[in-house]
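In this text, residue positions in the sequence shown follow the numbering used here: the first is 54, and each later residue adds one.
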Amino acid sequence: MKNEKKLSPESILKKFFPKGSYSKLERLDISTSQISDALNSITGNSGVISGVKPLFNTRIIGRAVTVDTMSDDWGTSVNAIDTAQKGEIIVIRVEGDDRAIWGELTSKTSQEKGVIGTVIYGAVRDVGAIKKLKYPVFSKNIVPNAGSPKAEGKIDIPIICGDMTVNPQDIIVGDECGVVVIPKEYLTEVINETLNIKKKEQNIISKIEKGHSLSYILELK
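Structure representation (structure tokens):
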């Protein structure tokens with residue numbers, strides 16, 4: 054009988070990310086909910102960028118290119134596309150959400166370049182066109198108006214989105230529940246804990262299917 058190698062976080066990293074791309078993490082079929090639970094267990098922080106939701110049901114995983122700008126300056130978002138590499142995710146922290154800093158043209162340009170998606174702690178517009186492109190965008194607000202191409206913001210610096218700090222090259226995971234941030238230094242540990250959580254959940258589901266109540270399984274009083 055052949056010996057089977059145990060799947061470890063290190064082997065996962067070596068197998069899935071030989072060129073530094075995190076998109077293949079999708080093959081593990083883990084959710085933002087499971088990752089958030091793992092992050093909370095390890096760091097005491099849920100990792101959630103609060104209030105940010107997808108324009109349509111989609112899933113993204115990749116390294117962050119961080120952007121800090123104002124709601125009246127969409128030019129910085131355009132410059133960020135030039136900075137981003139194929140397989141990365143643009144994460145934009147916006148001061149204010151009364152004007153859009155992202156729309157159809159930025160989505161189309163990013164898509165053509167191979168950028169995986171955009172996360173906006175601010176506002177987006179051109180939602181119908183973006184949905185037709187099927188380019189993943191997560192945002193806090195939707196408005197029809199935009200500002201000017203001032204390009205006065207900053208790129209590739211630590212940004213604060215609500216209670217969450219996002220650093221350049223942190224790992225971003227988004228799905229229909231929202232967006233979580235995995236600090237790059239915790240990646241291996243979070244993968245390990247997330248897989249443990251998934252296994253526990255599968256065991257619980259198996260017991261439920263056998264007729265056990267959830268309160269019994271969890272030993273609630």
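All C-beta atoms, glycine included, are put in the ideal place defined by N, C-alpha and C.
* **Under 9 Å between C-beta atoms of Gly156 and Ile183** => Ile183 sits close to Gly156, with the two beta carbons spaced by under 9 Å.
* To do: Identify which residue in Ile88, Arg80 and Ile102 has its Cα closest to the Cα of Glu242.
  => The shortest C-alpha separation from Glu242 is found at Ile88.
* **C-alpha distance - Ile330 paired with Asn198, whole-angstrom precision** => Residue 330 lies beyond the residue range present for the chain, which begins at 54 and ends at 274; the question has no answer from this structure.
* To do: List the whole-angstrom C-beta distance separating Ile210 from Thr119, where the pair is believed to meet the contact cut-off of C-beta under 8 Å.
  => Indeed they touch by this definition, with Cβ atoms about 6 Å apart.
* Asked: Can the beta-carbon of Val105 be found closer than 9 Å to that of Gly231?
  -> Yes, Cβ-Cβ distance for Val105 and Gly231 is below 9 Å.
* Asked: Once you ignore the five residues that flank Phe191 on each side, which residues in its own chain have a CB closer than 6 Å to its CB?
  -> Cβ contact annotation for Phe191 (same chain, cutoff 6 Å, sequence separation greater than five): Val105, Pro107, Val172, Gly227 and Val232, in chain order.
* What span of residues does the beta strand (DSSP E) with Ile270 cover, start to end? -> Taken as a continuous stretch (DSSP letters only), Ile270 belongs to no beta strand (DSSP E), being part of the alpha helix (DSSP H) at Leu267 to Ile270.
* Go ahead and label Ile134 buried or exposed: buried means 16 or more other beta carbons lie within 10 angstroms of its beta carbon, across all protein chains shown. => Counting other Cβ atoms within 10 Å of its Cβ, Ile134 reaches 16 or more and is therefore classed as buried.
* Which of the three DSSP states, helix, strand or coil, is assigned to Ser163? -> Secondary structure at Ser163: helix, using DSSP grouped into helix, strand and coil.
* **Of the listed residues Ser99, Ser201 and Ile261, nearest to Trp127 (C-alpha basis)** => In terms of CA proximity to Trp127, Ser201 leads the group Ser99, Ser201 and Ile261.
* Asked: Applying the criterion that 16 or more other CB atoms from any shown protein chain within 10 Å of the CB defines a buried residue, is Arg116 buried or exposed?
  -> Result: buried.
* One or two residues paired with Asp121 in a DSSP bridge -> By DSSP's assignment, Asp121 forms a beta bridge with Arg146 and Lys207.
* Asked: If you draw a straight line from the alpha carbon of Ile258 to that of Asn249, how long is it in whole angstroms?
  -> Ile258 and Asn249 have their alpha carbons spaced roughly 14 Å apart.
* Option nearest Asp151 by Cα separation, candidates Ser160, Asn245 and Arg178 -> The shortest C-alpha separation from Asp151 is found at Arg178.
* Just grab the DSSP bridge partners of Lys106 for me. => The beta-bridge partner set that DSSP reports for Lys106 consists of Ser192.
* Whether Ile208 touches Val219 by CB criterion (9 Å) -> Between Ile208 and Val219, the C-beta spacing is not below 9 Å.
* Helix, strand or coil at Glu238 [DSSP, three-state] -> Glu238: helix per DSSP, three-state reduction.
* Excluding the five sequence neighbours on either side, which residues of its own chain have a C-beta within less than 7 Å of the C-beta of Val234, listed in chain order? -> If we look at Val234 and ignore the five residues flanking it on each side, its Cβ neighbours are Gly100, Ile102, Met217, Val219, Asp223 and Ile225.
* Which whole-angstrom value is the C-beta distance of Val147 and Ser163, which I expect to be below 8 Å? -> At roughly 17 Å, the Cβ-Cβ gap does not stay under 8 Å, so Val147 and Ser163 are not in contact.
* Asked: By DSSP, does Asp223 sit in helix, in strand, or in coil?
  -> Coil, per DSSP.
* Asked: Going by DSSP, which residues form a beta bridge with Asp216?
  -> Per DSSP, none; premise fails for Asp216.
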